[in-house]
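Numbering (my numbering), first residue to last: 1408 to 1945.
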């Protein structure tokens, strides 16, 4: 009946078109019906029809340079995004071709080589196996720029396998130390294998891949157990065991930082997620990947942290990146703001620690991996990280220091009016371009900075109710003094005098004898005598 229809349409010998129509028909069937009637049926009409078409194709190409069959179906399967259906269709095609090629190999005395005819289908099925593994293992998580298919993965700019591995890691743990242990363990595991090669065809390895896929249904706490049980046959899971050539910790860390920052952006109350991102930042090697470390840290600052500070100081009117309904209530939470501020300071500190030599390119990522086409997907440099680095711009040192000082100053005193007087370009800070623009200081600003520092030291001393101090440590005030390049001797002297002024002698008496070299003794004696006189008079 089918052949009669094609014959009446005048396309009886247009085999590739007929095969493409078959593929579209197969995809239109309910999956259970397709497998029951086409794949598993003992005398399947679909298989008989396919055998007829394939036999005709082989007959017509026997005198040609090579045997070509099912090209349209092969391309159809490579491009399909319905991985379950296409896997069954590819299996059906491969088995049909295997049977036909076996007969022709015997009849043609080897002119038709069965292994050659079916080899590309074997490769395709293994590639589909990898696609299924990744899509099921990372079920519900974005995999790339488009839905996954073999053809899409073969493009260099659709998917990053390193990002896949990073997502899988974060599904098990956010802790850098645990993830590092997992990466090392999977690199040396005897249970690792490559499902894109023939070694993955064995039945026991098929079951291993299936178990890994099933973990997508587990809860977060259950998946985290894989970190301690990864070498257990019944709990085998991590993608690293199947994509071992891509287990490059130096490229997985940057992806984890970006993914954690994005996750925190969706749920900013989870300050621990931002903390884990900050910890991971520090694992990116500055010796080998300086421009990459710079790009990742700068991206977190620009996209996640900077907008919140802009809204905190000047409202949400010109801040489109964040929701006032989400962030607004958090800015009223003193504990959250304090924790967030400390992490913001750390991010800026990490940025300040990355220094480029004159002539050194800030927007160039030097490849550190050896590309490998013997596995699939092939190992190649990560296009996502290359694009991120390509956007790099040199920040301005004076602007970076200004942002740092304001972050620290806000923790010391959140009086915005005072800060506008001692921070240059206050109303232009925390804009997208501000960290790249030079800041200019005036004598008036420097005078206001001294006033702010003096007031802060006095306030710190007045509020201090802790135990006897062992070291001269005023925390954020010390850091701010360094950023403003204040003389630490004068800062320390003022602090000790303030403590005595408020009658907190017991807290600093022992410290005074230890810190004589860190203060101005003459100034301390002069002012100290005045304090003694006032006490006697009172």
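Idealized CB from N, CA, C, for every residue including glycine.
- Non-local C-beta neighbours of residue 1755 in its own chain, meaning closer than 8 Å and more than five positions away in sequence, comprise 1708, 1807, 1810, 1811 and 1814, ordered along the chain.
- Remark: fewer than three beta-carbon pairs, one from each stretch, lie closer than 8 Å, so the stretch 1746–1755 and the stretch 1776–1796 are not flagged as touching.
- Sequence-distant Cβ neighbours of residue 1505 in its own chain, meaning closer than 8 Å and more than five residues away, are 1521 and 1525.
- Exclusion of the five residues before and after residue 1835 leaves 1841 as the residues of its chain whose Cβ lies within less than 6 Å of its Cβ.
- For the pair residue 1611 and residue 1646, the Cα-to-Cα distance works out to about 17 Å.
- For the 8 Å CB-CB criterion, residue 1491 and residue 1462 do not form a contact.
- Shown here for residue 1909: same chain residues with a beta carbon closer than 7 Å to its own, the five before and five after excluded, namely 1868 and 1869 in chain order.
- Between the alpha carbons of residue 1495 and residue 1536 lies a distance of about 11 Å.
- For residue 1533, same chain residues with a beta-carbon under 6 Å away, outside a window of 5 residues either side, are 1603 in chain order.
- Put simply, the stretch 1664–1679 does not touch the stretch 1757–1775. Fewer than three CB pairs are less than 8 Å apart.
- Residue state for residue 1779 is assigned as strand, using DSSP reduced to three classes.
- Of the other Cβ atoms in all chains shown, 16 or more fall within 10 Å of the Cβ of residue 1586; this residue is therefore buried.
- By the C-beta density criterion, residue 1601 is buried, having at least 16 other C-beta atoms within 10 angstroms.
- When DSSP states are grouped into helix, strand and coil, residue 1786 belongs to the strand group.
- Less than 8 Å separates the beta-carbon of residue 1594 from that of residue 1654.
- Across the structure, residue 1703 and residue 1467 are spaced so that their CA atoms are roughly 57 Å apart.
- Taking the C-beta atoms as reference points, residue 1881 is found no nearer than 8 Å to residue 1915.
- Restricted to the stretch 1746–1834, the alpha helix (DSSP H) segments that are unbroken, complete and at least 4 residues in length are 1790–1797, 1804–1819 and 1823–1829, listed in chain order.
- Per the coordinates, the alpha-carbon of residue 1543 lies some 31 Å from the alpha-carbon of residue 1700.
- Under the three-state reduction of DSSP, residue 1891 is assigned to coil, being neither helix nor strand.
- Residue state for residue 1902 is assigned as helix, using DSSP reduced to three classes.
- The continuous alpha helix (DSSP H) containing residue 1466 extends over residues 1452–1468.
- Between the beta-carbon of residue 1741 and that of residue 1729 there is about 19 Å, and that puts the pair past the 8 Å contact cut.
- In the three-state reduction of the DSSP assignment, residue 1550 falls in the coil class, being assigned neither a helical nor a strand state.
- For residue 1475, the three-state secondary structure derived from DSSP is coil.
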